[in-house]
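Residue numbers (the numbering used here), protein chains in the order written: chain U, 32 to 369; chain Y, 32 to 369; chain E, 32 to 369; chain W, 32 to 369. Note that the Cβ used here is the ideal one computed from N, Cα and C, for glycine as well. The structure appears below as structure tokens.
Number of protein chains: 4
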Amino acid sequence: MLVVMNAQATPEQIQAVEARIRELGYEPHPIPGPSRTAVGITGNAGTEGRDSLRLMPGVEDVIRVTVPYKLVSRETKQEPTVIDVNGVRIGEGGVTMIAGPCSVENEEMILETAHFLRDVGVRLMRGGAYKPRTSPYAFQGLGIEGLRLLAKAREETGVGIVTEVLDVETVDVVADMADVLQVGTRNMQNYSLLRRLSRIRKPILLKRGMAATLDEWLMAAEYLAAGGNRNVILCERGVRTFADHTRNTLDLSVIPVVKHISHLPVIADPSHGTGKADFVPAMSKAAVAAGADGLIIEVHPQPARAMSDGAQSLNFDAFRQMSDELQPIASAVNRRIN
Amino acid sequence: MLVVMNAQATPEQIQAVEARIRELGYEPHPIPGPSRTAVGITGNAGTEGRDSLRLMPGVEDVIRVTVPYKLVSRETKQEPTVIDVNGVRIGEGGVTMIAGPCSVENEEMILETAHFLRDVGVRLMRGGAYKPRTSPYAFQGLGIEGLRLLAKAREETGVGIVTEVLDVETVDVVADMADVLQVGTRNMQNYSLLRRLSRIRKPILLKRGMAATLDEWLMAAEYLAAGGNRNVILCERGVRTFADHTRNTLDLSVIPVVKHISHLPVIADPSHGTGKADFVPAMSKAAVAAGADGLIIEVHPQPARAMSDGAQSLNFDAFRQMSDELQPIASAVNRRIN
Amino acid sequence: MLVVMNAQATPEQIQAVEARIRELGYEPHPIPGPSRTAVGITGNAGTEGRDSLRLMPGVEDVIRVTVPYKLVSRETKQEPTVIDVNGVRIGEGGVTMIAGPCSVENEEMILETAHFLRDVGVRLMRGGAYKPRTSPYAFQGLGIEGLRLLAKAREETGVGIVTEVLDVETVDVVADMADVLQVGTRNMQNYSLLRRLSRIRKPILLKRGMAATLDEWLMAAEYLAAGGNRNVILCERGVRTFADHTRNTLDLSVIPVVKHISHLPVIADPSHGTGKADFVPAMSKAAVAAGADGLIIEVHPQPARAMSDGAQSLNFDAFRQMSDELQPIASAVNRRIN
Amino acid sequence: MLVVMNAQATPEQIQAVEARIRELGYEPHPIPGPSRTAVGITGNAGTEGRDSLRLMPGVEDVIRVTVPYKLVSRETKQEPTVIDVNGVRIGEGGVTMIAGPCSVENEEMILETAHFLRDVGVRLMRGGAYKPRTSPYAFQGLGIEGLRLLAKAREETGVGIVTEVLDVETVDVVADMADVLQVGTRNMQNYSLLRRLSRIRKPILLKRGMAATLDEWLMAAEYLAAGGNRNVILCERGVRTFADHTRNTLDLSVIPVVKHISHLPVIADPSHGTGKADFVPAMSKAAVAAGADGLIIEVHPQPARAMSDGAQSLNFDAFRQMSDELQPIASAVNRRIN
């Protein structure tokens, strides 16, 4: 940390800051300048004592220098983390495709989708049994019956299952069935849920909060890692901005930046990122070109009949065409779609 | 809803949209114009079928006309909701002051604060026993011991207790002790928690999500109301924007707008809204002038020693001075601080 | 500035950074820490050389410590700047009311408004002769004829005139007539215009850019001051965020923060800040309570007939009522409306 | 437009709205519903009268249905606009590369860059002679001397020149030299400048305002087209959000959406979009994969010595490597880099 004194700070105020830093167990390094003095601090981890310094007389600001995450940082572990899901290796240099409907609606549609995905080479299926919905009056998912249908789809087709877990109560039942547990954007800072999930062994797909900075997102991943579960897949799904031509603003720049500062795999969700099926293929290609380790795409046999998120779901034909178009993009960045 | 056709839409496409609207059980009202046709829809509640229409050929957009919330709307209930907490009536035309530390740290500080508050006439104390922290390595609150200390403070001083509930598991224990249960900004769309809280009788202080639109916030309140708990106090605590001179951007304009469209009381949290103690008094006055039904303020016996949020906490002297300055503001808008 | 090395930086890389700092003419202050080294820099003003350091091997980040503005900073000049406009002293502890229509539409309406304002004690009138409009097909203002009508209104009633200047070409003609020249939100970073305005003597009302940080806003004011015109009135008019219940998000917290770091007066524009006449009185009161040195309010004889911004304009009755309600708020913060 | 009445609106209020619509010269289409009535309006272009309706008793909201731009809309002109610059055809299906330094600093560096670009096949060079800088104390560009150096570089190498025009005064001198005139993000809504540029024949590169919605951006292009200059190239350069891991948030989703609703070419600026050279290649690839008609990239012989924007400039080696990597991406979307 660095304590910046204001231009009028007295020598006594600067000495008091130095004394307080020593009291906190750290080392002060005064840096006198022409218009003001700054005091560097070494020996500290995190931001403990930051507030106590900021409130001292003569202090203008306290600036954090070190990053707040440890286990998920590339400074701690240089080699990329690879996560194995039913033999699909996420983060090993391929582009992992995850696809499926927003919600599991009934047996017929989920089986039809699973068969379709297997036929086009997709090995991981998404599908919500428990749905977080803005309205209490909207369809909330089939719950345990949805999980049963997903298990049946896996049994019939061999696709691995990615499904959302909404709360601590259902962690066990979801973890029992799913191959990957998804934490949604609204739960990224649900620390009770993260702590509970840190104690299971299944991989976690951690969506970025819709207003989360990169640091906050990585801190959420740090909760999982600190509790013992380092199998975390990050997922950019669009952030909230003033822009209104898409449902969210898909922030693809976060992909190369995550790669730079963390060893965790990162995928993109262009379906939620745009909210409109027409624009999903272009943004899928962009995400792969930006270096994403995978994509999660909403696909539905009949989007116009979907019980949720129909507007952003591809139908089978559109998905097949997009898959074909993604292959050369993946090749162009020396990756294979898996 | 209103379906807007694009300029090239054919008569057949328009007829198909009308047919689909009838199939959904609603009534279509075509409105032909010089450059394009729109089709009004009546008889619908909510947005069911919206996606199915948006995906039809020739459709440019589908616009929602009616508001999505019902029970919390002023169109449903004209008179303001008044919530009684230990005899303090929130939303009845006064300005209710809630104050206290970010976290309960130990018995001494919480008792000292409770006594101070009682002495200056504040009848509701805030204080966190369970804390949502960005870092897994930061102080997470005293938990059940914190609740016990809050109960002791109430017993000694008579102040009512407002404290945060983080998850479904602790709802019972928190509800057992607290007078008002606070739902934090990160949990505003934690629907499992909201549903659980909708079944208790204690009032809920529902903070606005840091990136929540007004509609989304009211829909979160609707979850509580729809489940049976209409004792909801809304709390504006700042939203996330590009502005970096404060910790969050306190959106006071939401106060008169909430008053206009909802019957629920709404208070402001200038401590989180600004993140800096220096600016809390000015924004507290502004909130009262804007028509807030109350304030929730962080106060600490020694902010520089606080285990969390010290930089935004007032010390006792500053709080007392601010309280004095708030009185004439409250009078100016024909309210009394209670 | 502070150069933060990454955890893997070698001693040679650190030495190279120190050498480069000396080459730039500054003094390096290495601060070795347990996980990484930082190098403080003294003797620098501004951010020259920042990029050259950031690009060196082993450098993680370069952090600016000093503020970039000088003349408008309270560190440079402690006493508040007071601006005299036709005898109205802005920034001297009063609340200066500026009111009037969005656009000058015709002689009748502008004279009617000027007489009304004089009668209710408002001494400065706003009114646009040159209008920045989002659409090229919308009414663009009466131009020079509008200025003539404003001059006539001043002659008849004695109100001072605040009007917008859009470009360098019209600076002379606007400056010749106006008492205060307004720079709109879209022109806050129109540096050619700012430089030209820095060379006139009339006061400038500088609106905050709709996505401007506080630093950027003060830097725009610094352009004016650096060129010789220190008569700058800052005006918060709402910023652009995701929130959609108001036209912009009025960021009142900027008022006490500006007061803290600058000596310039700052006023608020609740008309553009909310975009809806219904919410202007509440936010006007809030702005005064927050410490604003004034308000700029849209008033129109017949808002429903206004050629621009009718939805956010108060009619005369509403304005008169609001003025009455503002008096006790101003008193409560020890100010008088002038 | 659609007028939404509130639930308590009386029949008289609805009739008054219908009467007002007829008075405005339009046709009302009442749509009675179970909870409220809406009134569709046909025959209107733009939003004239919108405010007058919104302010009527019983009116809840007025919703715009038609888009506000005409000439730049794909509904008006289906085939894409192709812009020829020195034989480089922008928008015809290729990926046009524009590269060069932020500022022209001296003859040596600009000639060196021009020769380099020609050698690697880039035919359009960017370079600023007039620079908009946040600080009045920062380097403001070489001005007319910079233009002269750019002309010399073109003469020696044949590269076309893209350079920024800051104000009306310098339009003639810049237009005289440049092949494409760039309007920067801070000037996107400088309507005086747009109107002046609409009367020249040279193509305009119109950067998106940093807080501009898509509609506002297209309306700025409409200013140019309405005045007579339809040679507009749109350029996404990142928008302002809360995210702090990049300088701006590059909103690539705007590319396919622009393609959908406008016939104008659209390019991307990953240098300003990210602010960090390390992330430019990944975002350049993403932009091409998303369907961009071109890229504008900052390149400098010695980024660490650049007088502006060094941190986001590629050196020659990095640019050459990125160009090589872009070829297969362009091929994958059936485009050629030109």
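{"Item": "I'd like to know if the stretch 320-337 of chain Y and the stretch 87-98 of chain Y are in contact, where contact means that at least 3 CB-CB pairs between them fall below 8 Å.", "Value": "no"}
{"Item": "Taking a Cβ distance cut-off of 9 Å, strictly less, list which residues of the stretch 284-300 of chain U are near chain W, in chain order.", "Value": "284, 285, 286, 287, 288, 289, 290, 291, 292"}
{"Item": "Run down chain Y in chain order and give the residues with a C-beta less than 8 Å from the C-beta of residue 241 of chain U.", "Value": "242"}
{"Item": "Between the Cα of residue 256 of chain U and those of U/240, U/267, U/277, U/227, spot the shortest distance and give me the residue it belongs to.", "Value": "U/227"}
{"Item": "Spell out the partners DSSP gives residue 59 of chain Y in its beta bridges.", "Value": "Y/72"}
{"Item": "Since residue 131 of chain W contacts residue 144 of chain W with CB under 8 Å, what's their CB separation in whole angstroms?", "Value": "6 Å"}
{"Item": "Compute the distance between the beta-carbons of residue 116 of chain Y and residue 366 of chain Y, then report whether it is under 7 Å.", "Value": "no"}
{"Item": "Below 7 Å between beta carbons: does that hold for residue 314 of chain U and residue 284 of chain W?", "Value": "yes"}
{"Item": "Taking C-beta pairs closer than 9 Å, name the residues in chain Y that residue 48 of chain W reaches, listed in chain order.", "Value": "Those within 9 Å of residue 48 of chain W in chain Y number zero; the least Cβ separation is about 15 Å."}
{"Item": "Does residue 40 of chain W have its Cβ less than 7 Å from a Cβ in chain Y?", "Value": "no"}
{"Item": "Give the straight-line distance between the Cα atoms of residue 141 of chain U and residue 184 of chain U, rounded to the nearest whole angstrom.", "Value": "7 Å"}
{"Item": "Determine, for residue 250 of chain U, whether the minimum Cβ-Cβ distance to residues of chain Y falls below 7 Å.", "Value": "yes"}
{"Item": "Considering only residues of the stretch 171-231 of chain E, which uninterrupted beta strand (DSSP E) runs meet the minimum length of 3 residues and lie entirely inside it, listed in chain order?", "Value": "191-195, 211-214"}
{"Item": "Tell me where the alpha helix (DSSP H) around residue 52 of chain U begins and ends.", "Value": "42-54"}
{"Item": "Just to make sure I have the definition right: I need the residues of chain W whose C-beta is within less than 8 Å of the C-beta of residue 308 of chain Y. Which are they?", "Value": "Those do not exist, as residue 308 of chain Y stays about 23 Å from chain W at its closest Cβ, beyond 8 Å."}
{"Item": "For residue 349 of chain U and residue 148 of chain W, what's the separation of their Cα atoms in angstroms?", "Value": "40 Å"}
{"Item": "Figure out for me which residue from Y/70, Y/274, Y/289, Y/359 has the closest Cα to the Cα of residue 277 of chain E.", "Value": "Y/289"}
{"Item": "What residues match up with residue 120 of chain W in a beta bridge as DSSP calls it?", "Value": "W/115"}
{"Item": "So, using beta-carbon positions, are residue 269 of chain W and residue 262 of chain W closer together than 7 Å?", "Value": "no"}
{"Item": "Here's a check: name, in chain order, each residue in its chain whose Cβ is nearer than 8 Å to the Cβ of residue 307 of chain Y, leaving out the five neighbours to either side.", "Value": "277, 278, 342, 343"}
{"Item": "Pull out every residue of the stretch 210-231 of chain E whose Cβ sits closer than 9 Å to any Cβ of chain U, in chain order.", "Value": "none"}
{"Item": "Sorted by chain position, which residues of the same chain lie with C-beta nearer than 7 Å to residue 38 of chain Y's C-beta, five sequence neighbours on each side aside?", "Value": "66, 67"}
{"Item": "Would you call the stretch 317-328 of chain Y and the stretch 290-307 of chain Y touching, i.e. three or more CB-CB distances under 8 Å?", "Value": "yes"}
{"Item": "Round the Cβ separation of residue 197 of chain U and residue 135 of chain U to the nearest angstrom and send it over; I've been treating them as touching at under 8 Å.", "Value": "In fact, because the Cβ distance is near 14 Å, the residues do not count as touching under 8 Å."}
{"Item": "Would you say residue 174 of chain W lies against chain U (beta-carbon separation less than 7 Å)?", "Value": "no"}
{"Item": "Output, in chain order, the set of chain Y residues within a Cβ distance shorter than 9 Å of residue 340 of chain E.", "Value": "Near residue 340 of chain E there are no residues of chain Y at all, since even the closest Cβ is about 17 Å away, more than 9 Å."}
{"Item": "How many whole angstroms separate the CB atoms of residue 253 of chain E and residue 103 of chain E, which I take to be in contact at a CB cut-off of 8 Å?", "Value": "5 Å"}
{"Item": "At a Cβ cut of 8 Å, what residues of the stretch 265-285 of chain W count as close to chain Y, listed as they run along the chain?", "Value": "271, 272, 273"}
{"Item": "Could you confirm whether any beta carbon from chain E is found closer than 7 Å to the beta carbon of residue 27 of chain Y?", "Value": "There is no way to answer for residue 27 of chain Y, as the model of chain Y reaches only from 32 to 369."}
{"Item": "Report yes or no: is there a C-beta of chain U within less than 7 Å of the C-beta of residue 92 of chain Y?", "Value": "no"}
{"Item": "As an exercise, report each continuous alpha helix (DSSP H) stretch of at least 4 residues that is fully enclosed by the stretch 84-108 of chain U, in chain order.", "Value": "none"}
{"Item": "For chain W, check one thing: does any of its Cβ atoms lie closer than 7 Å to the Cβ of residue 253 of chain E?", "Value": "yes"}
{"Item": "So, using beta-carbon positions, are residue 302 of chain E and residue 267 of chain E closer together than 7 Å?", "Value": "no"}
{"Item": "According to DSSP, residue 162 of chain E sits in a beta bridge with which residue or residues?", "Value": "In the DSSP output, where bridge partners are listed per residue, residue 162 of chain E has none listed."}
{"Item": "In chain order, what residues of the same chain have a beta carbon less than 6 Å from the beta carbon of residue 292 of chain U, not counting five sequence neighbours either side?", "Value": "105"}
{"Item": "Would you list, in chain order, the members of the stretch 141-166 of chain E that have their beta-carbon closer than 8 Å to a beta-carbon of chain W?", "Value": "163, 164, 165, 166"}
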